[in-house]
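The structure appears right after this line, and notes come after that.
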Amino acid sequence: MQGLKKMRMPLIFLLVALLFPLFTDNQYYIYVVTLAFIYAIAVYGMNLVGGYTGQLSLAHAGFFAIGAYALGLLTVDANVPYWLAFVLALVITTVIGTLVGLIALRTKEHFFAIYTLCVGYIIYLIIYEWDALTGGVRGLIGIESPAAIGPITFDTGISNYYLILVFLVLTVIFMKFLTESIVGRTYVAIRNSEELAQTIGINTMKQKLISFVISTFLAGLAGALYASFVRFIGPDISYTMMTFDFLMYAIVGGFGTLFGPVVGTLLIVILTQSLQFMEDFRMIIFGPLLVLLVIFYPRGIVGGYQMWKMKRAYKKKQRSVDQGSTYEGGD
Amino acid sequence: MLIETKGLTKRFGGLVAVNDVEIGIEKGKITAIIGPNGAGKSTLFNLISGYHPSSEGSITFKGEDITKKRSFNIAKLGIARTFQTTNLFETATVMDNVIVGHRLRTKSNVFDAVFRTPRLRREERASRAKAAEVLEFVGLEHEAHRLVQDISQEAKKRVAFALALATDPEIVFLDEPAAGINPDETENLAALIRKMIDRGLTVCLIEHKMQMIMGLADHIVVLNYGKKIAEGTPEEIQTNEEVIEAYLGGGDKHAEAE
């Protein structure tokens, strides 16, 4: 029961997500929220390696794009059946992620961030310039929707919404089990102090690599879902701006928290859409908001909420202790 | 001898931080390493715990050569250490900080975590039990669920001890455990170190608080400019000319000469 009470908020959230399409006829709303779900999956990857393990990878959009292009090319050019292409896209992203990680993780802290930023840009350049394979600046058009699984088809917006919601929920459950286990504690120990982690017997290189590879896997998953949902991809999805969008979602929601990516991504994506009429001027609102958030809630909305709850519980306990003592010592 | 070094040398560019040092750490005893600032004490710790590769010389643990081993493998052999700064995760509870200390004795991987296999459950229970055990040992069982940022400096030192002990070590290296705490707390910490010896552990520490060292250590090694200049019992060290000179800058000799 206690576990259920702790999960009350996420379960309410899930219920709302499940019922949402029934309450709106506006396909555009469903489209936007589905897109936010896809981004949230990618942000979970960034959150794992950056928020938990403390290695800020800025190549994330690159891996998102590798997943998307792998799926797109396999289904459009190679005519591979959809779900096989889907699995292959994940394998391809993960293999490239492993190779990049092996080299990138030899650098530390901001050097790692700079290195991965460069890797991300190189991935963008390759996609942009390798016209023969990727279609260059024209991109890939006509990627097919996810193939039917038995009687369930995915050719409408709503069916795609539910398919992607399932992947998002699976991602959250995966992250919950991973980060709350002793394996996740290992990652947090590395973020906390790599030196200390090594002296308590943690092979930090190996653990960092594993969390980096999982993060690229999630980026690839999100990318593959994106490709078959939007059905058109261009090199811009691998651009540096995309990485920083992901980073913004993670920071706003709460870097290193379980629900931060969903909260941050939904909030910013919906906010961005509602401020569409302001065009690029909306950055005038975002910029200061982000600055204020980072100053007052460095661990984002979810992290701030957790801190507030913890302090309240502690104060409550303290108050009951105080009252108890005046009772005993009252004269 | 539990740990022995022979001709141990570390050069950082032109600087010889540790120069041809030969020490032996006896099992079940407290060995203290003292010396003026910059004498190479912490570097010596870093060499033994595998944090820096040595330039020359060898280190053996129970007769096994560990000179080339990496730090996480050295930890697995049963050599733990603490740092001068505590490096704890401030916004997590004391318990959460210590649980991960037993990680090196577990084998669970990502697969175990995601599918919550029996192995993971067993190892998590073991890690939690170990954390509770070492927190009780260092006298922090009542602080276990407080945030690290809310506890005293001395308690933080104890958490760092607990974390080192959670790795199931045979020997613990303590880098200035009593830095930044008051005399009463220093006495409590010294009592804790003795308690560790009573439990069959071996301790090697760096410390500047001479009163504490002289009352605590069985064996003292004095370093100066990276070289071992003396070793012996506290009494022997207190009367050693060369040690006094290193600490007081050789002023005495001149005074005598005049």
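Top to bottom, those sequences are chains A and B.
Heads up: the first sequence at position 283 corresponds to 286 in this note's numbering, and the numbers run straight through without jumps.
Heads up: the second sequence at position 103 corresponds to 129 in this note's numbering, and the numbers run straight through without jumps.
We put the beta carbon where it would ideally sit given N, CA and C, even for glycine.
Which residues mark the beginning and the end of the beta strand (DSSP E) in which residue i is found?
i: Gly-123(A); result: Not the beta strand (DSSP E): Gly-123(A) falls in the alpha helix (DSSP H), residues 112–132.
i: Ala-58(B); result: 56–60
i: Ile-232(B); result: 228–232
For residue i, collect the residues of the same chain with a Cβ closer than 8 Å to its Cβ; drop the 5 residues on either side in sequence, then sort them by chain order.
i: Ala-58(B); result: Cys-230, Leu-231, Ile-232, Glu-233, Ile-239, Leu-242, Ala-243, His-245, Ile-246, Val-247
i: Leu-136(A); result: Leu-76
i: Thr-189(A); result: Ala-200, Ile-205, Gln-210
i: Leu-105(A); result: Leu-212
i: Ser-60(A); result: Met-49, Val-52, Gly-53, Ala-107, Phe-115, Ala-116, Thr-119, Phe-215, Ser-218
i: Gln-110(B); result: Ser-68, Asp-201, Glu-202, Ala-205
Between which residues of its own chain and residue i is the CB-CB distance below 6 Å, once the five residues before and five after are set aside?
i: Ala-170(B); result: Val-120, Met-121, Leu-161
i: Ser-148(A); result: Phe-157, Asp-158, Ser-231
i: Lys-53(B); result: Leu-28, Thr-228
i: Ala-285(A); result: Checking the displayed sequence, the identity of residue 285(A) turns out to be Arg instead of Ala. Cβ neighbours of Arg-285(A) beyond the five flanking positions: Leu-278.
i: Ala-227(A); result: Gly-70, Leu-74, Phe-89, Ala-92
i: Gly-290(A); result: none
Label residue i either buried or exposed according to how many other C-beta atoms from any shown protein chain fall within 10 Å of its C-beta, with 16 as the threshold for buried.
i: Ile-144(A); result: exposed
i: Glu-183(A); result: exposed
i: Asp-334(A); result: Confidence at Asp-334(A) is low in this model, with a pLDDT of 37, below 50, so its placement is unreliable and the value that follows should be read with caution. Exposed, because fewer than 16 other Cβ atoms sit within 10 Å of the Cβ of Asp-334(A).
i: Leu-166(B); result: buried
i: Lys-182(B); result: buried
i: Tyr-229(A); result: buried
i: Thr-27(A); result: exposed
i: Gln-179(B); result: exposed
i: Met-4(A); result: Its pLDDT being 48, under 50, Met-4(A) is placed unreliably by the model, and the measurement read from it follows with that caveat. That one is exposed.
i: Thr-31(B); result: buried
i: Ala-217(B); result: exposed
i: Phe-114(A); result: exposed
i: Leu-114(B); result: buried
i: Ser-153(B); result: buried
i: Arg-11(A); result: exposed
Give the range of the alpha helix (DSSP H) segment to which residue i is assigned.
i: Phe-87(B); result: Not the alpha helix (DSSP H): Phe-87(B) falls in the beta strand (DSSP E), residues 82–87.
i: Asn-72(B); result: 67–74
i: Asp-138(B); result: 136–141
i: Arg-148(B); result: 144–163
i: Asp-46(B); result: Looking at the DSSP string, Asp-46(B) is not in any alpha helix (DSSP H); the run it does join, the beta strand (DSSP E), is 41–47.
i: Met-244(A); result: 243–256
i: Ser-277(A); result: 263–277
i: Thr-132(B); result: No alpha helix (DSSP H) contains Thr-132(B), which DSSP labels as neither H nor E.
i: Arg-220(B); result: 209–224
i: His-63(A); result: 63–79
i: Ile-176(A); result: 160–182
i: Lys-235(B); result: Here Lys-235(B) belongs to no alpha helix (DSSP H), and DSSP marks it neither H nor E.
i: Glu-197(A); result: 197–202
i: Glu-267(B); result: 267–274
i: Lys-182(B); result: 179–191
i: Leu-59(A); result: Run containing Leu-59(A): none; DSSP gives neither H nor E here.
i: Val-36(A); result: 30–49
i: Val-52(A); result: Where Val-52(A) is concerned, there is no enclosing alpha helix (DSSP H), given that its DSSP letter is neither H nor E.
Can you check DSSP and say which residues form a bridge with residue i?
i: Glu-257(B); result: Val-247(B)
i: Arg-107(B); result: Phe-199(B)
i: Thr-119(B); result: Leu-173(B)
i: Lys-32(B); result: Ser-84(B)
i: Val-94(A); result: Answer is none; Val-94(A) lacks a bridge partner.
i: Glu-90(B); result: Phe-87(B)
i: Leu-143(A); result: Ile-236(A)
i: Arg-37(B); result: Val-42(B)
i: Ile-51(B); result: Ile-29(B)
i: Ile-155(A); result: Ile-152(A)
Give me, in chain order, the residues of the same chain whose beta-carbon lies closer than 7 Å to that of residue i; leave out the 5 immediate sequence neighbours on both sides.
i: Asp-101(B); result: Residue identity check: residue 101(B) is Ala in the sequence provided, not Asp. Excluding residues within five positions, the ones whose Cβ falls inside 7 Å are Leu-130, Thr-193.
i: Ser-134(B); result: Arg-145, Leu-146, Glu-149
i: Met-222(B); result: Val-198, Val-229
i: Glu-82(B); result: Gly-33, Thr-35
State whether the stretch 187–194 of chain A contacts the stretch 72–85 of chain A, with contact taken as three or more CB pairs (one from each stretch) at a distance under 8 Å.
no
So, does the stretch 247–257 of chain A touch the stretch 291–309 of chain A, judging by three or more C-beta pairs under 8 Å?
yes
Please identify, using Cβ separations under 8 Å, the residues of the stretch 53–77 of chain A that lie next to chain C, in order along the chain.
The structure shown contains no chain C; the protein chains it does contain are A and B.
Quick test of the definition: if touching needs 3 or more C-beta pairs under 8 Å, does the stretch 263–272 of chain A touch the stretch 39–46 of chain A?
yes
Quick test of the definition: if touching needs 3 or more C-beta pairs under 8 Å, does the stretch 177–196 of chain B touch the stretch 90–97 of chain B?
no
Could you tell me whether the stretch 63–76 of chain A touches the stretch 214–224 of chain A, where touching means 3 or more Cβ pairs closer than 8 Å?
yes
Counting pairs of Cβ atoms below 8 Å between the stretch 27–38 of chain B and the stretch 76–83 of chain B, do you hit three or more?
yes
When you compare the stretch 248–258 of chain B with the stretch 47–57 of chain B, are there three or more beta-carbon pairs, one atom per stretch, that lie closer than 8 Å?
yes
Taking contact to mean at least 3 C-beta pairs separated by less than 8 Å, is the stretch 116–125 of chain A in contact with the stretch 233–247 of chain A?
yes
Closer than 8 Å is the cut-off here; do at least three beta carbon pairs connect the stretch 157–173 of chain A with the stretch 10–30 of chain A?
yes
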